[in-house]
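Residue numbers (my numbering), protein chains in the order written: chain G, 1 to 421; chain L, 1 to 177. The beta-carbon is built from N, C-alpha and C at its ideal position, and this holds for glycine as well. The block underneath contains the structure these notes are about, expressed in structure tokens.
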């Protein structure tokens, strides 16, 4: 059975997009930060959050292939829908990076090349920056020895090489998996099994790339906003946030589809399993969030602890609120078996955590890029969030209409239909 | 009349499930099933009440958390105030992050051990306890349904066995007890 996009869903998606654009325009007019930094930062927050959902879905899809998991075969198309957002979800991110490279925004402080050289010849805009004390050179007041030490990694050309490598890999694999999945619908017998094994191998390959890229992209795109600071747990922390946001989106999407009468074979057992994933990955996220905080709090080294001092002193509601919503809420509310099998309850808790992880991305990006100009979640942030949400919903639902919502042929389809826990 | 217990031996868990379904749909109460591994989906068929092991596990976990907090408060705050990470704050809430890993570990420790021991006691399978399964083959490759006539007064032994014969049963054993 094919999914048809109802008039109402289309109306809501477009309504959200229009609302988002309107709020963004009003927000930009009221954005008095230097270089409209707030607008750029909000673009990064929302671009990254929704890109992360697509990426988490792609990761989970590949994980299911690589582990040859049977129960989730019924839900394959749902994840394909979610990761279809990747095919152009990269655009807002690249816009922010282009803006940074051209010095239209200063989210990435390290993109300023004057930081890297100890000496300068001349003054103002005509200044030439040099590393040696040549004739007529004076000490460069902007020189930052910490940043100069990171120059081998944090420089604009290498940043772009890495960014293009990640995005090309993700977009390529997203397209390839989708094509393979549609191809499987047309095959039976030996060729079907062969294609499943091919998917199995390619998924394992993708996971290797993903393991490296998901860590490094979080350093490049997010951690380098606070370029003096570093945390070895940051990659995992960002990744677990992406993953749990993707699982929440999947739960909400599956429940929406079921309510509309689609996916009749998806039983309480499948919903229960998705709920378990949300519960488990919430714990993974909390574990990493707390480990990162606790180690830095405990050792209390000045160059590390500034990151959290800024957040605890200036934005405590963001720092602790995020942790409370994303840890305590799923722990208390999703612990029991009945809660994970109750659609209304799952949607309620899921929406809360979904917002909580958006707040988490806010906390990663905003204090570093806006400094003391960051006064909390404002119209611009929420407006852009709604706009992106509409865009995301429309892309995902539109992809779902393109193919049968239930895979036609899969060696594990029967096992998935009879999944019972 | 002596009570009879009937053991219907199957070679496949799916066949056992079909057999159990047939018995239950004819109003016969299945006492228990014996198998080398857990059979998914048998509980609702033979009407096993939901396990309360999860609740027990939660209680054990909470006990662990409380004991850990109490212990650390007594040792590191009350009895001998400790300087934690250069923070001699001497208050439980101020040093709390440092205590969380221990709380977490002790919660897991108590929940896991408590749950395992409860499970073994409840199933009467603590080390050294005599085996209670009726047929040693149920630990190898046979799947057995146990029906007691004492639970099924409306059905004769013959009626139950003849009903079982219509299912793909491997053998049927009867025993008096």
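**Three-way DSSP call (helix, strand, coil) for residue 8 of chain G in this model** = helix
**Request:** Determine the contact status of residue 114 of chain G and residue 142 of chain G, defining contact as a CB-CB distance below 7 angstroms.
**Result:** yes
**Buried or exposed (CB count within 10 angstroms, at least 16 for buried), residue 232 of chain G** = exposed
**Asked** What is the DSSP secondary structure of residue 194 of chain G, reduced to helix, strand or coil?
**Response** helix
**Request:** Report yes if the CB atom of residue 162 of chain G is closer than 7 angstroms to the CB atom of residue 112 of chain G, and no otherwise.
**Result:** no
**Request:** Look at the Cβ atom of residue 433 of chain G, then the Cβ atom of residue 284 of chain G, and state whether they are nearer than 7 angstroms.
**Result:** There is simply no residue 433 of chain G to check, as chain G begins at 1 and stops at 421 in what is shown.
**Prompt:** Of all the CB atoms in chain G, is at least one closer than 7 angstroms to the CB of residue 114 of chain L?
**Reply:** no
**Request:** Have a look at the DSSP bridge pairing and note the partners of residue 404 of chain G.
**Result:** G:2
**Boundaries (first-last residue) of the alpha helix (DSSP H) holding residue 243 of chain G** = 234 to 259
**Asked** Which of the three DSSP states, helix, strand or coil, is assigned to residue 32 of chain L?
**Response** strand
**Request:** Write down the C-beta distance between residue 3 of chain L and residue 149 of chain L rounded to the nearest angstrom, noting that I regard them as a contact closer than 8 angstroms.
**Result:** 6 angstroms
**Prompt:** Are the Cβ atoms of residue 44 of chain G and residue 96 of chain G separated by less than 7 angstroms?
**Reply:** yes
**Message:** If the criterion is Cβ atoms closer than 7 angstroms, does the pair residue 116 of chain G and residue 151 of chain G meet it?
**Reply:** yes
**Request:** Express the C-alpha separation of residue 78 of chain G and residue 254 of chain G in angstroms, rounding to a whole number.
**Result:** 7 angstroms
**Chain-ordered residues of the region 149 to 162 of chain L with a beta carbon less than 8 angstroms from chain G** = none
**Prompt:** Can you name the residues of chain G whose CB is closer than 8 angstroms to the CB of residue 97 of chain L?
**Reply:** 290, 293, 294, 297 and 298
**Exposure of residue 270 of chain G, with buried meaning 16 or more beta-carbon neighbours within 10 Å** = buried
**Prompt:** In whole angstroms, what is the alpha-carbon distance linking residue 193 of chain L and residue 54 of chain L?
**Reply:** Chain L is shown from 1 up to 177; residue 193 of chain L falls before or after that span and cannot be answered.
**Closer than 7 angstroms to chain L by CB, residue 180 of chain G** = no
**Message:** Just to confirm before moving on: does the CB-CB distance between residue 39 of chain L and residue 13 of chain L stay below 7 angstroms?
**Reply:** yes
**Message:** Quick check: residue 74 of chain G and residue 265 of chain G, are their CB atoms within less than 7 angstroms of each other?
**Reply:** yes
**Prompt:** Taking Cβ to Cβ, would you say residue 369 of chain G is nearer than 7 angstroms to residue 107 of chain G?
**Reply:** yes
**Message:** Is it buried or exposed, residue 419 of chain G, if we count other Cβ atoms within 10 angstroms and call 16 or more buried?
**Reply:** buried
**Request:** Could you tell me whether the Cβ of residue 420 of chain G comes closer than 7 angstroms to any Cβ of chain L?
**Result:** yes
**Prompt:** Would you say residue 268 of chain G and residue 344 of chain G are within 7 angstroms of each other, going by their C-beta atoms?
**Reply:** no
**Item:** Chain-order list of residues whose beta-carbon lies under 8 angstroms from that of residue 94 of chain G (same chain, five-residue window excluded)
**Value:** 163 and 167
**Message:** So the candidates are G:46, G:333 and G:9; which of them puts its Cα closest to the Cα of residue 386 of chain G?
**Reply:** G:46
**Coarse secondary structure for residue 8 of chain L, derived from DSSP in three states** = strand
**Asked** Which full runs of the alpha helix (DSSP H) of 4+ residues lie inside the region 104 to 177 of chain L, going along the chain?
**Response** 157 to 165
**Where the beta strand (DSSP E) through residue 121 of chain G begins and ends** = 119 to 121
**Message:** Which same chain residues end up closer than 7 angstroms to residue 119 of chain L when comparing Cβ atoms and leaving out the 5 residues on each side of it in sequence?
**Reply:** 53
**Item:** Within the region 20 to 107 of chain L, ranges of the alpha helix (DSSP H) (whole runs, at least 4 residues)
**Value:** 42 to 46 and 53 to 72
**Alpha-carbon to alpha-carbon, residue 49 of chain G and residue 426 of chain G** = Only positions 1 to 421 of chain G appear in the structure, and residue 426 of chain G is not among them; the question remains open.
**Item:** Neighbouring residues, chain G, relative to residue 61 of chain L (Cβ below 9 angstroms)
**Value:** What residue 61 of chain L touches in chain G: nothing, since even the nearest Cβ is about 10 angstroms away.
**Asked** In chain order, what residues of the same chain have a beta carbon less than 7 angstroms from the beta carbon of residue 18 of chain L, not counting five sequence neighbours either side?
**Response** 167
**Request:** Keeping to the same chain, check which residues put their C-beta closer than 6 angstroms to that of residue 58 of chain G; ignore five residues upstream and five downstream.
**Result:** 83 and 174
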